[in-house]
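Residue numbers (the working numbering): -6 to 92.
Glycine included, every Cβ here is placed at the ideal spot set by N, Cα and C.
Everything below concerns the one structure shown next.
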C-alpha cells in the first residue's frame, strides 16, 4: 500500500479533565512535526500519507500521551483507502476551504 490514504485519529487520554487538552496538544505536536499533511478538527485530526508512515505517526502520538501522564488511552482510527489511487483531503473538503 504505497498510495496516499486518509487517516482520522482521535485520542482520548485518561487524565484529570483539566489536563486533557494539554495531553492532546502533545499528540497534535507529534503529527505536526511528522511532516505529513494534516487538519485538526474539533473531534479528530485527519492526516494524509502512506499507510506505514501514518501508522508510525499514530504510534508516536500514543507514546507521547503516555509520557505526558495518561494512564490509558481510548483511540479511534478511521481510514479511507483506495486500491490503486491516492486519497486526498482536498477531494473531500477542498470545495469548503476559504479562499
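Measuring C-alpha to C-alpha distances from residue 5 to each of 58, 89, 71 identifies 58 as the nearest.
Taking a 10 Å sphere around the C-beta of residue 76, we find fewer than 16 other C-beta atoms and assign the residue as exposed. Listed in chain order, the non-local C-beta contacts of residue 81 below 7 Å within the same chain comprise -3, 41, local neighbours out to five positions each way being set aside. The beta-carbon distance between residue 50 and residue 74, rounded to whole angstroms, is 16 Å. This is too long to meet the 8 Å contact definition. Cβ neighbours of residue 53 within its own chain (closer than 8 Å, five residues either side excluded): 23, 27. By the CB criterion at 8 Å, residue 65 and residue 7 fall inside the cutoff. The three-state secondary structure of residue 86, taken from DSSP, is helix. Taken through DSSP and simplified to helix, strand or coil, residue 33 comes out as strand.
Under the DSSP assignment, residue 56 falls in the alpha helix (DSSP H) whose first and last residues are 44 to 60.
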